[in-house]
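Here my numbering is used: the first residue of the sequence shown is 3, the next is one more, and so on.
Even for Gly, the Cβ is constructed at its ideal location relative to N, Cα and C.
Note that the structure is predicted; figures quoted are calculated from it, not measured.
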Amino acid sequence: MAEIIPMQIIIQSDKSDVFNVEKRTTINILKEMIHERIGLEIDDQVLVHSGRMLANDDTLEELGLQNLGVVSVFSKLLGGKLHGSLSRAGKVKNQTKKVPKTEKPKPKTGRCKQRLKYNRRFLATSGASAIPGRRRGPNSNSRK
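Below, the structure is given as structure tokens:
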């Protein structure tokens with residue numbers, strides 16, 4: 003029969019706690035022990051050692067945890083919302099609807115264009131409705 007080797011694991015959360023465990027202890031059993039002592043729900047626990055998340059079925063021996071090894075405990079964050087997060091960064095172009103181009107009237111050229119410019123510049127200002135000063139644009143907010 004394999005001998006039982008006791009070891010201590012340091013669990014870091016808000017504060018550090020020391021747990022007495024065996025090398026054959028699974029992560030799931032360790033999560034239950036953390037739940038009993040700290041009160042954090044088993045489903046909400048995320049255990050991390052050496053930058054790796056620990057799976058529930060692995061044992062401490064398989065993961066290479068030594069005596070006085072450090073395991074960090076984090077709680078899962080609520081989430082799943084994609085809008086407003088960085089998971090959509092740079093992907094907006096593919097999500098916008100394609101609007102078909104509208105048909106525009108043919109631009110006036112030649113004698114017709116010159117006549118329009120003459121009417122706008124000289125004939126409109128010579129009438130009774132002439133406003134002294136610079137001509138205002140169509141979207142101008144200044145008073146008449």
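request  = Check Ser18 in the structure and name its three-state DSSP category.
outcome  = If DSSP states are grouped into helix, strand and coil, Ser18 belongs with the strands.
query = Rounded to the nearest angstrom, how far is the Cβ of Pro14 from that of Asn69, given a contact under 8 angstroms?
reply = Correcting the residue type first, residue 14 is Gln in the shown sequence and not Pro. Not confirmed; about 16 angstroms, so no contact.
inquiry  = Given a cut-off of 8 angstroms on the beta-carbon distance, is the pair Leu32 and Val23 in contact?
reply    = Result yes, Cβ atoms of Leu32 and Val23 sit closer than 8 angstroms.
Cβ-Cβ distance between Leu49 and Leu56 below 8 angstroms = Yes, these two residues count as a Cβ contact at 8 angstroms.
message = Quick check on DSSP: helix, strand or coil for Ile12?
response = strand
Bridge partners - Leu49, DSSP secondary structure assignment = Val75
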